[in-house]
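Novice: I am attaching a structure below and will ask some questions about it afterwards.
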Amino acid sequence: QAKSAGRKTYRFFDPVMQESMVAQLNLQLSLRSALTDDEFVLYYQPQVGSDGAVLGAEALIRWQCKDGRMILPGDFIHAAEASGQIVEIGHWVLATACKQLAHWSRCAATQHLTLSINISALQFLEADFVTDTEEIFAATGVDPRRVKLELTESLLVTDVVSTAEKMEHLKALGVMFALDDFGTGYSSLSYLRKLPLDQLKIDTTFMRDVLTSRSDASIVRSIIALGDSLGLEVLAEGVESIGQRDFLHDAGCDAYQGFLYRPGLPAEGFMQYATAHLRAPPIGRHAG
Ligand code: C2E
Ligand code: MG
Ligand code: MG
Ligand code: MG
């Protein structure tokens with residue numbers, strides 16, 4: 426990398442960088458054909474209440490390549506944001522997720538489930554975002570009150586005023602909002618009062634060492650207390666063990682998501698899990 430050559434010796438067109446530019450362009454071309462060839466798919470990860478009952482899911486995009494590889498969002502969302510393709514991909518995600526949710530809502534067993542959908546800041550900042558979303562609601566027949574849009578702090582740094590306006594507009598339809606990866610961004614806490622949020626999502630990175638790191642434990646407790654005092658639901662991501670779940674439960678966390686329950690599943694797999702966990706299992710800290 427050019428950086429390792431020293432602070433003042435950046436070489437803009439060194440072979441490594443050129444190669445990575447070519448790689449980026451290739452990735453953009455592949456993303457284009459992924460959209461036209463229908464290679465994206467949504468997985469659904471259960472979100473569970475403190476009694477173990479499934480509350481809903483988060484839709485997570487995967488790229489099922491023609492060669493059989495499954496590519497995770499960490500390997501292409503950033504490129505899609507850099508090229509602007511995230512807007513079109515995000516529209517596909519929203520439409521596909523709403524179609525799925527409308528299907529769940531038509532089945533008695535799953536009609537209460539909510540669906541959380543990740544919205545990239547670039548997508549939300551598009552002038553047409555609100556009307557596009559309303560069109561998708563109308564076309565799929567989905568109940569907006571079952572839809573939760575996950576936004577990140579980066580959006581709030583960009584433009585709090587127009588973000589709040591758009592949120593209020595959708596909020597009037599019943600849409601819920603979650604603040605994803607809470608605590609990892611750079612924004613001030615004051616915006617929490619200005620925005621019609623419903624949920625804070627504690628990021629996976631705080632969960633990893635929550636049982637061994639005193640500072641991570643107190644960050645997690647503080648987020649839960651903050652959410653509580655602002656009247657927001659708090660959901661912990663990255664819950665992998667019963668120990669973590671018990672810690673969160675004692676701290677007063679409202680909802681849980683993580684490998685302890687299930688990773689993201691194809692729609693049919695999620696449906697099976699959800700229908701098997703509609704009611705709370707017997708209460709007991711180690712019922713698992
Ligand atoms: P996120 O929204 O914070 O989603 C949670 C991520 O944590 C998911 O990774 C999920 O698979 C992972 N995860 C869930 N449980 C556990 C656990 O117990 N332990 C650990 N270590 N990880 C867990 P995934 O699916 O790879 O997605 C990564 C990120 O990509 C997402 O983070 C989100 O920011 C973005 N993303 C995913 N789908 C979409 C999408 O449809 N649109 C947009 N714009 N971004 C998306
Ligand atoms: Mg998310
Ligand atoms: Mg997150
Ligand atoms: Mg995360």
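Residue numbers for the sequence shown follow full-length UniProt numbering, beginning at 426 and rising by one. C-beta atoms are modelled at their ideal positions from N, C-alpha and C, and glycine is treated no differently.
Go ahead and pull the three-state DSSP assignment for residue 487.
Specialist: Here residue 487 sits in strand by DSSP.
Novice: State whether the region 536-548 contacts the region 572-586, with contact taken as three or more CB pairs (one from each stretch) at a distance under 8 Å.
Specialist: yes
Novice: What is the C-beta distance between residue 655 and residue 623, in whole angstroms, given that I count them as a contact (C-beta under 8 Å)?
Specialist: At roughly 11 Å, the Cβ-Cβ gap does not stay under 8 Å, so residue 655 and residue 623 are not in contact.
Novice: List the DSSP bridge partners of residue 666.
Specialist: Partner(s): none; residue 666 has no beta bridge.
Novice: Leaving out five residues on either side along the sequence, give the residues of the same chain with a beta carbon under 6 Å from the beta carbon of residue 711.
Specialist: Note that residue 711 has pLDDT 49, beneath the 50 cutoff, so the model's placement of it is unreliable and the number below is only indicative. Closer than 6 Å at the Cβ level, and outside the excluded window around residue 711, lies no residue.
Novice: Taking C-alpha atoms, which residue in 671, 685 and 660 lies nearest to residue 480?
Specialist: 660
Novice: Does the separation of the CB atoms of residue 662 and residue 610 fall below 9 Å?
Specialist: no
Novice: Name the two residues that bound the continuous beta strand (DSSP E) containing residue 603.
Specialist: Residue 603 -> beta strand (DSSP E) spans 601-607.
Novice: Considering only C-alpha positions, which residue in the set 645, 673, 665 and 446 is nearest to residue 507?
Specialist: 446
Novice: I need the residues with a C-beta less than 6 Å from some heavy atom of ligand 3; please give them in chain order.
Specialist: 605, 606, 626, 628 and 662
Novice: Taking the alpha-carbon of residue 589 as reference, which of 597, 620, 449 and 567 has the nearest alpha-carbon?
Specialist: That would be 620, whose Cα lies nearest to the Cα of residue 589.
Novice: Can you look up residue 444 in the DSSP assignment and give me helix, strand or coil?
Specialist: Looking at residue 444 - three-state DSSP - the assignment turns out to be helix.
Novice: List the endpoints of the continuous beta strand (DSSP E) containing residue 576.
Specialist: The continuous beta strand (DSSP E) containing residue 576 extends over residues 572-577.
Novice: So, do the region 496-507 and the region 468-477 have three or more beta carbon pairs nearer to each other than 8 Å?
Specialist: no
Novice: In whole angstroms, what separates the C-alpha of residue 627 from that of residue 645?
Specialist: 7 Å
Novice: For residue 453, name the three-state secondary structure that DSSP assigns.
Specialist: helix
Novice: By the 10 Å Cβ neighbour count, where 16 or more other Cβ atoms means buried, how is residue 428 classified, buried or exposed?
Specialist: Its pLDDT being 45, under 50, residue 428 is placed unreliably in this model, and the value from its coordinates should be taken loosely. Label assigned to residue 428: exposed.
Novice: Under the three-state reduction of DSSP, which class applies to residue 539: helix, strand or coil?
Specialist: Assignment of residue 539 by DSSP, reduced to helix, strand and coil, places it in the strand class.
Novice: Do residue 496 and residue 468 come within 9 Å of each other at the CB atom, strictly closer than that value?
Specialist: no
Novice: Around the C-beta of residue 431, are 16 or more other C-beta atoms found within 10 angstroms, so that it is buried, or is it exposed?
Specialist: Bear in mind that the predicted position of residue 431 carries a pLDDT of just 48, short of 50, making it too unreliable to give a figure here.
Novice: Using only the alpha-carbon positions, how far apart do residue 585 and residue 509 sit?
Specialist: 21 Å
Novice: Do residue 672 and residue 701 come within 9 Å of each other at the CB atom, strictly closer than that value?
Specialist: no
Novice: Identify every run of the beta strand (DSSP E) within the region 606-660, keeping only runs that are complete inside it and at least 3 residues long; order them along the chain.
Specialist: 624-627
Novice: What does the Cβ neighbour count give for residue 531, buried or exposed, with the cut at 16 atoms within 10 Å?
Specialist: exposed
Novice: What residues are listed by DSSP as bridge partners for residue 681?
Specialist: For residue 681, which the question treats as bridged, DSSP gives the partners 473 and 661.
Novice: Can you find the residues in the same chain that come closer than 7 Å, C-beta to C-beta, to residue 691, ignoring five residues on each side of it along the sequence?
Specialist: 468
Novice: Per the contact definition of three or more C-beta pairs closer than 8 Å, is the region 458-467 in contact with the region 508-524?
Specialist: Counting Cβ pairs under 8 Å, three or more are found: they touch.
Novice: Measure the C-alpha to C-alpha separation of residue 554 and residue 548 and round it to an integer number of angstroms.
Specialist: 7 Å
Novice: With respect to the alpha helix (DSSP H) encompassing residue 525, which residues constitute its N-terminal and C-terminal limits?
Specialist: 511-531
Novice: What are the partner residues of residue 466, as DSSP defines its beta bridges?
Specialist: 487
Novice: Quick check on residue 694: does DSSP put it in helix, strand or coil?
Specialist: helix
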